[in-house]
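These notes concern the structure reproduced below.
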Amino acid sequence: MEPLLIALNLYRWGDLQIIAREYGLYQERKKVLKAWAVKRLSQKIPQRAASRKLIGSLTEAQQAILALLIQAGGNAQMFDLIKPLVLGSLVRLPTTEGEEQKPRLPLLTTEIKVLLAQGLVLNINSSGGSNLHTFSPLGKLVIPAEVLRVLPRELLSIPPPDLSKYSCRPPARIAVVDPEDFLRQIFFVWAELRRQPGTARKAGGLYKRDVSRIARSMGMELTAEKEAELREAASFLSWMRLVHDQGKAIVVPESAATGAFWQQKPTAQLRKVLDTIVGRGLSLELDLRAVNATQWGYYNTPEPYSPAYLFKRVVEFLEELAGVGWVLFATSLTLLNGGQSGHFAFSVEAVRRLFRNAAQYSWRGSGTERETELKQALVQLEQDLLHQLFGRLHEIGVVELGYSQQESARPSAWRLSPLAAALFAQRPYGGAEESGQIVLQPDFHLLALGPVPLKTLAEIEQLAEREKVQPAAVSYRVTKGSIYRALQRGQTVRGVISYLETATSQPISQNVRRSLQEWGAQHERIIIHQDVLVVQVDQAELLTTLLALPRLAKILHPVDNCTAWLYSRHAKQVKLALRSQKILPALSQGPEKDLPQSLHWQAEILHSRAPLPSLYVTGSICRVAERTESGWQLTPESVHAAIVAGQGVPEICGLLTCMTGTPLPPAWEQRLKAWGNHFGDAQTAQVRLLRLKNAATLAELRRADRGLSRWLRPLHKQKSDVAVIQEKNWEKVCERLTEWGVEITEGRWW
């Protein structure tokens, strides 16, 4: 921020003379020079700014202008000031007509020029090719630092906006698009792509055969207009990350975040759609030919704001005017561009460049004529642009358009739709949440009558086949295939029945119930579930109570009276539900933590130390012991079954030592070894032992005589001088040994 002395010196002398006359400098001297005037004004202006009386004598609009500049840090563009001042009923719009019955308000430019004449505000701009500042055109408004320090800020305030004064009479004709119809359309496109993924084109988007399939599923005739709508709906889904383009296919990801969008209220869904538009923008057609005609060189025109930024400006504008009824487009454009043509479509620097080019470069006429033509071109451009922006928002049901005459082709006013008004005003919205009905007939025909919430349709899409889409109803049919797909996604027959009874508010017919149970039994004959957790309870009544809770009905899948399983991703929800029932669950940490010291001996029975033993504990002990009313008991049959299953007696003894935390008693160890046949079987045989002089002699005899080789068996595989002889061969051995000159004597040698 420049010092006051320098900023005043940069004014053109003609504009500086206006400030000099305001402060009476021509009464002090007959001949006033610029240097002296700048010096005197740099002293007098802060003195006036510090005067509470003089600041208090300013009009309410002038005080509000100073307050807005202070709020903006001491400087702001003129178009940043016009909206709060106009909505606060302090100044009037240049285009406002028909105010004869209202008190005449001043123009913003008039109030600003009063502050410029007093030097309290400086206009930082340049005119033509000069670098000196002037009072016109108004550009960046600045409060000098010397003035900013001494202003009595407690006297300066910004009045609250009075939106009702800028609403107009209801138009003759109104065009309405229900935003929930747009949400339903993108929902059915999403549901069809979830049922069957589409094929992605190299250029992006869906092939026409997929668009035709989606149109048939929605019961619509595929015209060029409908095809464009469906393609845009698919683009919306991609931008909102509800579908993914995987290169060759466009699929719906199976994730909690994807399904969560349809579970939200319509206001939250519309907010997501608007955020997507603000982030990506929609296509707009800008005709810049009239603007280009005023410039030197056809391609010398600066680029306008991006569609995303323009939609952001408009959405913020709609949010500010949430409490207004019908608003004229002329009023809206003035509020958006600050009463200065071009400042809605282009940046400040771009507008300056446009007017500088129009003033300096011309091959026909004067620069003033070019500026006039440029203003007219910018007005027409911004009017067309504003109607396009509101037209695109009208297509998705954010605004309703009003026409001044029945045959008018262009709307003259707009207002927010009820859903958008509820969103921006942050108030509840009824809509489909309070109406609609689900009917399940005995022939498995499911009807969604009336405006049913999308979260209900999203649930039904997972359970039934869609047959027909009509404005007043959507028909489905519950089939074996649709139930199989639901079960494969993790649902249970119990959960399906519970949801259908909740949605229809009445019990389902017996034939439908039996069919669902039969289909579920057929599906669950052999199933391997991965990444699951198990919930155990000590009483069957407790599990029944938990399964009756709405938040757990679809999560818990019963196995028996006291056990259920769930996917690990739902663990947090189950913990919160248990705590809400004042139940603190014990978490199993695996066999390494659960088995040690989990049991204790009481007489001949093993008892659990915990009220509800872990599945690891029961699973391990049940392999070696039989269940009793109070615990587990080791029996010959149970130990034999464990041995047959592949466990050895040492492993059984080690398991019992680990689970009891104490060494196994010797009596029990002997008993287990006996029951488990630990030492195996024994055999007896009656033989004679023959001891020779040494092992070499025995080996030599067996090599020399084939008969002795068969009859004499060494007692040890290694070198041995003792041979084992069967009783029936003893006489033959004696005869053969006698032939070899061996004397045989009977008796003990040990």
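Following my numbering from start to finish, the sequence shown increments by one per residue and tops out at 750.
Each residue gets a CB set at the ideal place from its N, CA and C atoms; glycine is no exception.
Since this is a predicted model, take the numbers as computed values, not measurements.
Since residue i and residue j should fall inside the 8 Å C-beta cutoff, what is the C-beta to C-beta distance between them, to a whole number of angstroms?
i, j, result
"VAL278", "ALA308", "6 Å"
"GLY520", "VAL493", "3 Å"
"VAL532", "SER588", "Actually they are not in contact, since the Cβ atoms of VAL532 and SER588 sit about 13 Å apart, beyond 8 Å."
"ALA49", "VAL150", "5 Å"
"VAL91", "LEU108", "4 Å"
"LEU41", "ALA7", "With 8 Å as the limit, LEU41 and ALA7 do not qualify as a contact, their Cβ atoms being about 10 Å apart."
"LEU336", "ARG313", "7 Å"
"VAL327", "ARG415", "7 Å"
"PRO304", "LEU286", "6 Å"
Let's see if you can read the secondary structure: which residues bound the alpha helix (DSSP H) around residue i?
i, result
"GLY259", "256-263"
"VAL291", "289-292"
"ASN357", "348-360"
"ILE744", "Counting along the chain, ILE744 falls outside any alpha helix (DSSP H), and DSSP gives it neither H nor E."
"TYR476", "Taken as a continuous stretch (DSSP letters only), TYR476 belongs to no alpha helix (DSSP H), being part of the beta strand (DSSP E) at 473-477."
"VAL639", "636-644"
"ALA322", "Neither: ALA322 is in no alpha helix (DSSP H) and is coded neither H nor E."
"GLY251", "Note that residue 251 is Val in the sequence shown here, rather than Gly. Counting along the chain, VAL251 falls outside any alpha helix (DSSP H), though it belongs to the beta strand (DSSP E) covering 249-251."
"ALA486", "480-488"
"PHE135", "Taken as a continuous stretch (DSSP letters only), PHE135 belongs to no alpha helix (DSSP H), as it is neither H nor E."
Just how far apart, CA to CA, sit residue i and residue j?
i, j, result
"TYR616", "THR258", "37 Å"
"PRO197", "GLU369", "59 Å"
"HIS640", "ARG627", "15 Å"
"TYR11", "SER164", "41 Å"
"LEU81", "GLY338", "7 Å"
"LEU552", "LEU288", "60 Å"
"ILE527", "LEU193", "27 Å"
"LEU612", "THR504", "39 Å"
"ALA696", "GLN718", "11 Å"
"GLU461", "GLU225", "27 Å"
"TRP752", "ILE643", "There is simply no residue 752 to check, as the chain begins at 1 and stops at 750 in what is shown."
"ALA175", "GLN406", "11 Å"
"GLY450", "SER475", "11 Å"
"GLN670", "GLU746", "42 Å"
"ALA249", "GLN488", "22 Å"
"LEU656", "LEU584", "29 Å"
"LEU310", "LEU284", "10 Å"
"GLU100", "PRO266", "Bear in mind that the predicted position of GLU100 carries a pLDDT of just 40, short of 50, making it unreliable; the figure below should be weighed with that in mind. Taking the straight line from one Cα to the other gives about 42 Å."
"GLY654", "ALA682", "26 Å"
"LEU689", "GLU743", "15 Å"
"VAL439", "PRO507", "11 Å"
"ALA203", "LEU274", "26 Å"
"ALA268", "ASP245", "25 Å"
"THR502", "VAL512", "15 Å"
"TYR484", "PHE188", "21 Å"
"GLU221", "GLY205", "20 Å"
"LEU701", "VAL733", "11 Å"
Are the beta-carbon atoms belonging to residue i and residue j less than 7 Å from one another?
i, j, result
"VAL177", "PRO46", "no"
"ILE186", "PHE236", "yes"
"LEU242", "TRP190", "yes"
"PHE79", "HIS343", "yes"
"LEU542", "LEU556", "no"
"ALA473", "LEU447", "yes"
"LEU318", "PRO179", "no"
"ASN561", "ALA577", "no"
"VAL649", "LEU672", "yes"
"VAL452", "ALA464", "no"
"LEU386", "LEU321", "no"
"GLY325", "SER167", "yes"
"VAL687", "VAL722", "no"
So the beta strand (DSSP E) residue i belongs to, where does it begin and stop?
i, result
"TRP565", "563-567"
"LEU122", "122-124"
"TYR468", "The residue asked about is misnamed: residue 468 is Lys in this sequence, not Tyr. Per DSSP, LYS468 belongs to the beta strand (DSSP E) from 465-469."
"LEU222", "Here LEU222 belongs to no beta strand (DSSP E), and DSSP marks it neither H nor E."
"HIS445", "445-449"
"GLN77", "75-77"
Restricting to runs no shorter than 4 residues, where is the alpha helix (DSSP H) found entirely within the region 386-436? 418-425
Could you tell me which whole alpha helix (DSSP H) segments of length 4 or greater appear in the region 3-55? 4-9, 13-22, 25-28 and 34-50
Please specify which runs of the alpha helix (DSSP H), each continuous and at least 4 residues long, are wholly inside the region 508-566, giving them in chain order. 510-523, 540-548 and 550-553
What residue ranges within the region 139-210 form continuous beta strand (DSSP E) runs of no fewer than 3 residues, ordered along the chain? For the region 139-210, whole beta strand (DSSP E) runs of length 3 or above, ordered along the chain, are 140-142 and 173-175.
At which residue ranges does the region 653-730 contain complete alpha helix (DSSP H) runs of 4 or more residues, listed in the order of the chain? Complete alpha helix (DSSP H) runs here, min 4: 666-675, 695-704 and 706-711.
Enumerated in chain order, which unbroken segments of the alpha helix (DSSP H) with a length of 4 residues or greater are wholly contained in the region 576-610? 591-594
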